[in-house]
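Trainee: Here the protein sequences come in this chain order: A and B.
For the first sequence, my numbering begins at 5 and goes up steadily by one.
For the second sequence, my numbering begins at 2 and goes up steadily by one.
For every residue, glycine included, the Cβ atom is placed at its ideal position computed from N, Cα and C.
Here the structure is a predicted model, which is why all the values come from computation and not from measurement.
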Amino acid sequence: AQSVSQHNHHVILSEAASLELGCNYSYGGTVNLFWYVQYPGQHLQLLLKYFSGDPLVKGIKGFEAEFIKSKFSFNLRKPSVQWSDTAEYFCAVNANRNAGNMLTFGGGTRLMVKP
Amino acid sequence: DAGVIQSPRHEVTEMGQEVTLRCKPISGHNSLFWYRQTMMRGLELLIYFNNNVPIDDSGMPEDRFSAKMPNASFSTLKIQPSEPRDSAVYFCASRGLRTDTQYFGPGTRLTVL
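(1) In chain B, what lies closer than 7 Å to His-47(A) by C-beta?
(2) Following the continuous beta strand (DSSP E) through Gln-7(B), name the residue where it begins and the one where it ends.
(3) Determine the chain A residues that contact Asp-101(B) at a beta-carbon separation under 7 Å, and present them in chain order.
(4) So for Gly-43(B), helix, strand or coil by DSSP?
(5) Return the CA-CA distance between Phe-76(A) and Lys-53(A), expressed in angstroms with no decimal places.
(6) Look up Ile-27(B) in the DSSP assignment and say whether it is helix, strand or coil.
(7) Mapping DSSP to helix, strand and coil, what is Asp-89(A)?
(8) Hey, how far is the Cα of Asp-101(B) from the Cα of Asn-36(A)?
(9) List the residues of chain B whose Cβ lies closer than 7 Å to the Cβ of Gly-111(A), in chain order.
(10) What are the start and end residues of the beta strand (DSSP E) that includes Leu-60(A)?
(11) Roughly how many whole angstroms lie between the Cα atoms of Val-20(B) and Val-85(A)?
(12) Taking the straight line between their C-alpha atoms, what separation do you get for Asn-51(B) and Leu-25(A)?
(13) Contact between the region 29-42 of chain B and the region 85-96 of chain B: three or more CB pairs below 8 Å?
(14) Per DSSP, which residues does Leu-98(B) bridge with? Please list them.
(15) So, using beta-carbon positions, are Thr-112(B) and Arg-23(B) closer together than 8 Å?
(16) Using only CA atoms, which one of Pro-119(A), Glu-92(A), Leu-107(A) lies nearest to Ser-32(B)?
(17) Check the DSSP bridge columns for Arg-110(B) and list the partner residues they point to.
(18) Is Arg-99(B) a contact residue of the ligand ZN, with contact defined as CB to any heavy atom under 7 Å?
(19) What whole-angstrom Cβ distance do His-47(A) and Gly-43(B) have, given they're in contact under 8 Å?
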């Protein structure tokens with residue numbers, strides 16, 4: 005069964021600091037990878053996704069993520085965070101597409117950006 | 002497009018009562034998912050439907066939980082009887098045939114006293 009690990013449960017940064025959130029998955033085949041963001045009191049919104057092609061994916065609000073197949077990783081990055089980036093971030097994997105449409109989510113990382 | 006619509010947005014009920022949560026997926030989407038989010042367990046998939054048919058309900062915690070999708074534009078998640086440990090935010094998401102992206106609704110915050 006596929007699994008997704010987000011090793012950082014809580015991250016606290018000051019504004020303008022650089023961000024990198026780790027995401028590792030366990031599945032040896034073709035995967036689709038996602039990052040979702042959940043702002044306080046809101047629902048999950050898609051930040052970016054990787055299906056194929058360029059392993060460096062750019063998403064909304066200045067976020068990007070790099071798929072490194074050899075490391076089974078899909079880390080999220082942003083060069084300079086803002087207070088408004090305070091949210092919880094979820095990495096998700098859809099593997100073995102022929103088996104269905106299920107996404108497996110990581111446990112989430114709570115990011116707090118201090119003004 | 003209005004996105005995924007869920008109702009109610011908030012529900013407060015007493016232990017033992019029946020609770021029904023509702024979801025209207027994005028028009029044209031053929032897959033629908035129910036998730037539960039708690040502080041302790043994070044985001045858990047409860048059940049999902051393809052073309053109104055339940056495909057995987059292994060995440061449903063117990064027989065008190067049931068879900069239906071009578072047509073392509075409506076689904077319900079029912080808890081009967083409800084218990085305090087069912088308190089959580091329940092999200093519905095939908096996905097179209099030609100996309101691998103799930104779109105989430107605003108969630109229903111359930112509190113069982």
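Mentor: A quick look at the data gives this:
(1) Counting from 1 along the first sequence, the entry for residue 47(A) is found at position 43. Taking a Cβ-Cβ threshold of 7 Å, the residues of chain B close to His-47(A) are Phe-92, Phe-105, Gly-106, Pro-107, Gly-108, in chain order.
(2) In the second sequence, residue 7(B) corresponds to position 6, counting from 1. Where Gln-7(B) is concerned, the enclosing beta strand (DSSP E) stretches over 6-8.
(3) Locating residue 101(B) in the second sequence gives position 100, where the first residue counts as 1. Taking the beta carbon of Asp-101(B) as reference, the chain A residues within 7 Å of it are Asn-36, Phe-55, Asn-98, listed in sequence order.
(4) Here residue 43(B) corresponds to residue number 42 of the second sequence, with the count starting at 1. In the structure shown, Gly-43(B) sits in a strand (DSSP, three-state: E or B).
(5) In the first sequence, residue 76(A) corresponds to position 72, counting from 1. In the first sequence, residue 53(A) corresponds to position 49, counting from 1. Distance from the CA atom of Phe-76(A) to the CA atom of Lys-53(A), rounded to whole angstroms, is 15 Å.
(6) As a position in the second sequence, residue 27(B) is number 26, starting the count at 1. When DSSP states are grouped into helix, strand and coil, Ile-27(B) belongs to the coil group.
(7) Here residue 89(A) corresponds to residue number 85 of the first sequence, with the count starting at 1. Per DSSP, reduced to three states, the secondary structure at Asp-89(A) is helical.
(8) One-based indexing of the second sequence puts residue 101(B) at position 100. One-based indexing of the first sequence puts residue 36(A) at position 32. One C-alpha to the other measures close to 8 Å.
(9) Locating residue 111(A) in the first sequence gives position 107, counting from the first residue. Residues of chain B passing the Cβ test: Gly-43.
(10) Here residue 60(A) is taken as the residue at index 56 of the first sequence, counted from 1. Counted as a single uninterrupted DSSP element, the beta strand (DSSP E) harbouring Leu-60(A) occupies residues 60-62.
(11) The residue labelled residue 20(B) in the question sits at position 19 within the second sequence. The residue labelled residue 85(A) in the question sits at position 81 within the first sequence. Approximately 40 Å between the Cα atoms of the pair.
(12) Stepping through the second sequence from its first residue, residue 51(B) is reached at position 50. Stepping through the first sequence from its first residue, residue 25(A) is reached at position 21. Each residue's Cα considered, the two are about 32 Å apart.
(13) The region 29-42 of chain B, when compared against the region 85-96 of chain B, does touch it at the 8 Å Cβ threshold.
(14) Start at 1 with the first residue of the second sequence, and residue 98(B) comes out as number 97. BP columns for Leu-98(B) are empty, so no partner.
(15) One-based indexing of the second sequence puts residue 112(B) at position 111. One-based indexing of the second sequence puts residue 23(B) at position 22. Result no, Cβ atoms of Thr-112(B) and Arg-23(B) do not sit closer than 8 Å.
(16) Here residue 32(B) corresponds to residue number 31 of the second sequence, with the count starting at 1. Minimum Cα distance to Ser-32(B) is reached at Leu-107(A).
(17) Within the second sequence, residue 110(B) is the residue found at index 109, counting from 1. Answer by DSSP bridge pairing, in chain order: His-11(B), Val-90(B).
(18) Ligands in the displayed structure: none, and consequently the ligand ZN is not present.
(19) Numbered from its first residue, the first sequence carries residue 47(A) at position 43. Numbered from its first residue, the second sequence carries residue 43(B) at position 42. That pair is no contact at about 15 Å.
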